[in-house]
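Going by my numbering, the sequence shown opens with residue 125, and the numbers climb by one from there.
Ideal Cβ positions, reconstructed from N, Cα and C, are used throughout, including at glycine.
These notes are about the structure you will find just below.
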Amino acid sequence: MSQNGKIPYTGKPPSDWQKFLLKTLGVDDKNLSNAQAYFLIGELLELRGISYPELTWFLKNQKKPLLLPLIHYGIELEGNVKDKNEFREALTEKGIVVTETGYTGGTRAANEWRISADNSVSMGNKRYQPIELVSPKLLGYRGFLQLKQVLEIWNKVGADYVKSAGTHIHLDMYSADNEFRTNLLLVWAAIEMPYMWYLVSPSRRNNGFCRAVTDNVLNDVYEEQISVGRYYSINFDALQRHGTVEFRLFNCTTDWKKVTAWTTLVLRIYDAVRKGFTYRDVPKNNFSGFLDKIGFGENTCQFLRETKEYLIARYNHFREEAEKHPEKVPNISPPAVVNGVSIAQIRRIRKLTEIIEKATTIIRSINTNWNLPWHWSSGGLDWIPESEQLYSVAKGRVNKKIDVNSITLLINNLVDNPADLDDNAEIPILRAQVEVDGRRVDIVTNEDGSLIPVCRCFYARNSNVRRNSNVRRNLHTSYCYHARYAARYIIREMAIKKMRELQNELERLQNEEDNFYREAVCVG
């Protein structure tokens, strides 16, 4: 090794033509000899799915070809085989390294295929054995050729397909950061229902083992909860176990053309996102245009061109079938990103919906004398200012029940001094006054800025219990039923007012969503 740390080599340097080929195939020619370049070019041609004559045609016509991305992938195929032992032996006879494991699998060699039991796959009435076939780490078109050999053997031994089985595609994500993962999920959410659903059999759409990505899932990811559950159509739980992202949408098959088309598609999606493609770039109602955007455009190599034709034919077939049989399409709303709505709007709509549900629960509980939820007093009511202590009083037990609608509001949001206070005492801020069962109760601002009820009934005056040390010394704070109902009444009124404000905001945002959708339909 030389002083600069580089490995020296002997022989001629790469020719200009070799350098040009290597650059086109995505490789830097530094420190390569002519012989090494020759070998590497041959390897890259096979991996990237293009022949030497085809590549030279592109270059001589001054066109840069679109090729199969060099991203490692793995494939899990669930299904039934006529005889598992015969399948394993047939693979071994062809020189394919294979091992058989239990349901949970285990460690294995880098180039080893694995056959394992799969109890999630139904056998039906036929005498077939359910299995999961797991590939080793594969790369490029060479990986497709390995897969082709394995599937041919499976079909020869005997294959059977059932709705409970699926095809899962893993892509390497060891070096991906959270921003890339989020962008990939957003693109998937934007294409899943309008495009991807029509590349698979109807049984896979929102299947229990590959649920659709919804706005709630997107919101969780946006809040950096990247692991949203294993059984979604796109699964980031595999990051922890394998360092991969898993696409679970695809149905069971041993058809090489289907599997390679699906794999090529997710590879191109992944590569496009890596190069800056976002959910906002997804065309509406234009599957062919979407394929062009992610790398199936004009200058594709023959393999990608044939894959695009296959995907479009399959998409058109299932779209026509869905129009004839709309019951085969799940009745769920697509994520708002499909219509161009921002993630910030999605999060705000979700937040508003949650708060309105809480406000509705509070109002209903107070009106019907139900117990209020205890856990909300600790940060759960941050949407109602100054309410935490007031809610703590309101949720307490009472020794007498009354109808909250019988309570009368006497003073609202006024700064005043109660008449019976000592002149030398600290002056409280009176925010409201209500009459509860013939007794007046003040709602005052405590020293910490929160609201509390103050009653001067016999029970309150004679109690030695002070529940809040911050209240000024004259205001006894043992909470009688007058004080608790006063707190409930004020909480209810504040909740009603806030809920109306939030409902108006929610309606405005939802109308914006509808406008986005109508505009998208017009564009499509």
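For I293, the three-state secondary structure derived from DSSP is strand. Shown here, R335 sits in a strand according to DSSP, grouped into three states. Looking at the DSSP output, V258 shares a beta bridge with E200 and R238.
Taking the CA atoms as reference points, L308 sits about 32 Å from L183. Note: A283 is bridge-paired with V205 in the DSSP secondary-structure output. In the three-state scheme derived from DSSP, where H, G and I count as helix and E and B as strand, N307 is classed as helix.
Annotation: K261 to G421 spans about 28 Å, alpha carbon to alpha carbon. The segment 552-565 and the segment 529-536 touch, with no fewer than 3 CB-CB distances between them shorter than 8 Å.
Under the three-state reduction of DSSP, N302 is assigned to helix. Under the three-state reduction of DSSP output, Q253 falls in the strand class. Membership of A556 in any alpha helix (DSSP H) is not indicated; the residue belongs instead to the beta strand (DSSP E) covering I553 to V560.
With fewer than 16 other Cβ atoms from the protein chains shown falling within 10 Å of its own Cβ, D527 counts as exposed. DSSP places Y609 within a helical segment (H, G or I) once states are collapsed to three.
Per DSSP, the beta-bridge partners of T225 are S240. S175 and T338 have their C-alpha atoms spaced approximately 42 Å apart. For K147 and E202, the gap between their C-alpha atoms comes out near 39 Å. The count of Cβ pairs closer than 8 Å, one atom from the segment 204-213 and one from the segment 248-258, reaches three, so the stretches are in contact. DSSP places V568 inside the beta strand (DSSP E), whose first and last residues are R563 to T569. Shown here for N330: same chain residues with a beta carbon closer than 8 Å to its own, the five before and five after excluded, namely A336, P454 and I456 in chain order. In the structure shown, the three-state DSSP call for Y356 is strand.
Cβ neighbours of L156 within its own chain (closer than 6 Å, five residues either side excluded): P138. The beta carbon of M618 lies closer than 7 Å to those of I508 and S511 in the same chain, with the five residues before and after it left out.
Between the C-alpha atoms of R372 and L191 there is a straight-line separation of about 24 Å.
Taking 7 Å as the cut-off, the Cβ atoms of T368 and D296 count as close. Counting along the chain, the unbroken beta strand (DSSP E) around T532 starts and ends at T532 to N536. E422 carries a coil assignment under DSSP once its states are collapsed to helix, strand and coil. Collapsing the DSSP output to three states places P577 in a strand.
Residues I199, L271, T291 and T377 of the same chain have their beta carbon placed closer than 7 Å to that of V383, with the five preceding and five following residues left out of the count. DSSP lists H294 and N359 as the beta-bridge partner residues of E370.
If you draw a straight line from the Cα of M320 to the Cα of N495, it is about 47 Å long. Residues Y319, Y322, L323 and F411 of the same chain have their beta carbon placed closer than 8 Å to that of Y439, with the five preceding and five following residues left out of the count. Straight-line spacing of the CA atoms in N628 and I486 works out to 19 Å. Of the candidates F442, K381 and H366, K381 places its Cα closest to the Cα of Q273.
With respect to the C-alpha of H294, the residue from L342, L145 and L363 having the closest C-alpha is L363. Residue state for L145 is assigned as helix, using DSSP reduced to three classes. L391 is not bridged by DSSP to any residue.
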